[in-house]
Structure formats: C-alpha cells, structure tokens
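Step one of this worksheet: look at the structure below.
Protein chains: 2
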Amino acid sequence: MTGVSADTLRYYEKAGLLDGVSRNVGGHRRFSSADLNGLRFVLKLRMTGMPIRDVRRYVELVRQGDATTDQRRSILQDHGDRIRQQMSELARCLEIVDVKLEMYDLGLSPTDEHDCTKKLASLLEGTLK
Amino acid sequence: MTGVSADTLRYYEKAGLLDGVSRNVGGHRRFSSADLNGLRFVLKLRMTGMPIRDVRRYVELVRQGDATTDQRRSILQDHGDRIRQQMSELARCLEIVDVKLEMYDLGLSPTDEHDCTKKLASLLEGTLK
DNA sequence: CCTTGACTTGGAGCGCACTCCAAGTTTGTA
DNA sequence: TACAAACTTGGAGTGCGCTCCAAGTCAAGG
Numbered sequence: 001m002t003g004v005s006a007d008t009l010r011y012y013e014k015a016g017l018l019d020g021v022s023r024n025v026g027g028h029r030r031f032s033s034a035d036l037n038g039l040r041f042v043l044k045l046r047m048t049g050m051p052i053r054d055v056r057r058y059v060e061l062v063r064q065g066d067a068t069t070d071q072r073r074s075i076l077q078d079h080g081d082r083i084r085q086q087m088s089e090l091a092r093c094l095e096i097v098d099v100k101l102e103m104y105d106l107g108l109s110p111t112d113e114h115d116c117t118k119k120l121a122s123l124l125e126g127t128l129k
Numbered sequence: 001m002t003g004v005s006a007d008t009l010r011y012y013e014k015a016g017l018l019d020g021v022s023r024n025v026g027g028h029r030r031f032s033s034a035d036l037n038g039l040r041f042v043l044k045l046r047m048t049g050m051p052i053r054d055v056r057r058y059v060e061l062v063r064q065g066d067a068t069t070d071q072r073r074s075i076l077q078d079h080g081d082r083i084r085q086q087m088s089e090l091a092r093c094l095e096i097v098d099v100k101l102e103m104y105d106l107g108l109s110p111t112d113e114h115d116c117t118k119k120l121a122s123l124l125e126g127t128l129k
C-alpha cells in the first residue's frame, strides 16, 4: 500500500519509527489506518532526507505527548526549511543541466569556447546570479 | 574552493569522475580551471542524486568525444526529468509538513479529529489532489 | 640544509539504510 | 487435517559514499 518492503517495515518498527503497531492473536502485524498514516508521514520525512535517528526522535516526542509539541514544531519548522533549501538547490542544479542540454541541442561540443559555455562556466563558478 | 574534502577529491579521481587532473613535477595534483568546472558539474550531478557509477559513465562518454553526444544528451535529459520529479515530490512532502505545522500552530494535538487532521489524512492517503 | 606541514598511494574502516537469511510459527485454502 | 504460503525473530550481509590510516614523498620558510 505504501510501496515499502515488508523488511523495511520491520526495520522501521525495530528502529522506533513506527509506534504501537498492533498484532493479531498469532503475533502477525495488523496495520491500522492510524499506523498507516503514521508510516506515511514517516515516509515523507525520510523522502525529504531526514535521517532515521531524527525521525525516531520525532516519533519519541509524539509518544511523550503534549508536553513536547514545541520541540516537535521546531523540528518540523527546521525540516521544512531544509526542504525549501533542497528545492532551491535542485532548481540551481537543474538550470545548469538545462544549459548543458541547450549546448548539446545546439550541436556544440562541451569544450568549445562559446557564449553558452561561458554562461555555463559562470553558473558553475557561481560568478553569475 | 568547492567545499569537498581532499579525500573525496582523490576518491572521485580514482573512481573516474574527474578526467585528466594534471600533476606538477612532484606528483601533486594541480587543478586547472577546466578541472575545477568539470568537478563542479560532477558535483551538481551528485547533489541531484546521480549515483557515482552513472557520473562515471557520463564522464567516460565525454572522454570518448563527439560520437557520444547523443547518449550524453539523453542521459542529461533523463536526469533533468528526475530532478523535476524530485522537486515536485519535495513540494508534495513540504505541503504535508506545512499542514502538520499549521496543526501545531493551532495548538492541536496531532491525534485530534479535526478539519486540519482530515486534510492531512487526505494528503497522506493521496485521496486528495 | 632542516624541519614542518601538505601532499602521495593503497587499502582498511565506517555509517547509513536497508536487504537477506535461517529456523520456526501462523494462516488460509482444498 | 494437511500443506503451502505468508508471517515471526535475531542477526548477518550488502552497497554506497565517503573517511581515515600508515608509510612514504614533496614543498616552502627560516
């Protein structure tokens, strides 16, 4: 349902990223929809580069209840900022890849001296923008 | 100059990510500005998640000259697409983090049933949007 | 010339995040 | 009830990307 492997699920639970996944009589895991949404949120944090130990820390704070909301808020605020940074960094890199592609589409060798190459060099050196 | 460690530089060269870094008489590396821009481009690829083996492949194609421009163009096009995917994925995750933050800012426990919680659940389940 | 610090190499080690395995248990279908 | 498939566990193994180390060489200031 979430695209993660059973092994990863078990690993996440053991690592403390999933809280209170209940079991049936035989001991098999039964994921409630709350478990599922917890997992989905954890996956969003992971997908955006939060290390497992930090996710664990966040999940621990959730378990500790309302007294920790301030800490959690600040964790998420910081993480949101990091995501925004990642996005702008990706945008910068994409620009460079696209300029390089533009060069290829103009049929230029990447070692040629040319306006486009210079633009690329400026971008790479960070002397532009 | 680029923020990468000397060890990483040596590792990248050994791995075939840097082409033709020249040496002085004593065998010490002397990075030309071309080397530097090559490195900077490699770093853009790495920063956007291209694995080292794929960067090596790209660099090998560059070394092989003009006959490989088509392959290189398609590599960069595919990679550009992946970057765009990453960016939209980050945007989706950021939206969810921001909704969660909104909940915290409203002073709600994340386990409360509420409009905002429902919005978050819809986002997590992907039933919305 | 001498010393100190930065460089060279090959190779070992590390942290992260899974991923796989073996041996045993539970579940669902015929 | 039999049996295969899917689950359980602890722990070992894998791949990636560095990062560190030891032993030796080179470079620059006093």
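Residue numbers (the numbering used here), protein chains in the order written: chain D, 1 to 129; chain P, 1 to 129.
Just so it is clear, CB atoms sit at the ideal spot from N, CA and C, and this is done for glycine as well.
All of these numbers come straight from a predicted model, not from anything done at the bench.
Per DSSP, Ser-5 (chain D) has no beta-bridge partner at all.
Of all alpha-carbon atoms in P:Glu-125, P:Ile-83, P:Leu-18, P:Gln-77, the one lying nearest the alpha-carbon of Arg-56 (chain P) is that of P:Leu-18. For the set D:Glu-125, D:Gly-16, D:Val-99, the Cα lying nearest the Cα of Arg-63 (chain D) is the one of D:Gly-16.
When the five nearest sequence neighbours on each side are left out, the beta carbons in the same chain lying within less than 8 Å of the beta carbon of Arg-30 (chain P) are those of Val-21, Ser-22, Arg-23, Asn-24, in order along the chain.
Look at Ser-32 (chain D) here: in three-state DSSP terms it is coil, with no helix or strand label. In the DSSP assignment, Ala-67 (chain P) falls outside any alpha helix (DSSP H) and carries neither an H nor an E. Our two residues, Met-103 (chain D) and Leu-9 (chain P), have alpha carbons roughly 27 Å apart in a direct line.
The contact set of Ile-83 (chain D) on chain P, defined by CB atoms closer than 8 Å, consists of Leu-90, Cys-93, Leu-94, Val-97 in chain order. A direct Cα-to-Cα measurement between Asp-81 (chain P) and Ser-33 (chain P) gives close to 29 Å. At a cut-off of 8 Å between C-beta atoms, Phe-41 (chain P) counts as an interface residue with respect to chain D. Residue nearest to Met-50 (chain P) within the set P:Asp-105, P:Ile-75, P:Val-99 is P:Ile-75 (criterion: CA-CA distance).
Bridge partners of Arg-23 (chain D) according to DSSP: D:Arg-29. Under a 10 Å Cβ-count criterion, His-79 (chain D) is classified as buried, with 16 or more other Cβ atoms of the shown protein chains found around its own Cβ. The residues Leu-120, Leu-123, Leu-124, in chain order, have a CB closer than 8 Å to that of Ile-96 (chain P) in the same chain once the five nearest residues on each side in sequence are set aside. Note that the C-beta distance between Arg-46 (chain D) and Thr-2 (chain D) is not below 8 Å. The C-beta of Ala-121 (chain P) comes closer than 8 Å to at least one C-beta of chain D. Look at Gly-80 (chain P): its C-beta is under 8 Å from a C-beta on chain D. Leu-18 (chain D) carries a coil assignment under DSSP once its states are collapsed to helix, strand and coil.
With a threshold of 8 Å between beta carbons, Asn-37 (chain P) makes contact with chain D.
Rounded to whole angstroms, the gap between the alpha carbons of Tyr-12 (chain D) and Asp-7 (chain P) is 33 Å. The three-state reading of DSSP puts Gly-80 (chain P) in helix, counting H, G and I together. Judged by DSSP in its simplified three-state form, Gly-49 (chain P) adopts coil rather than helix or strand.
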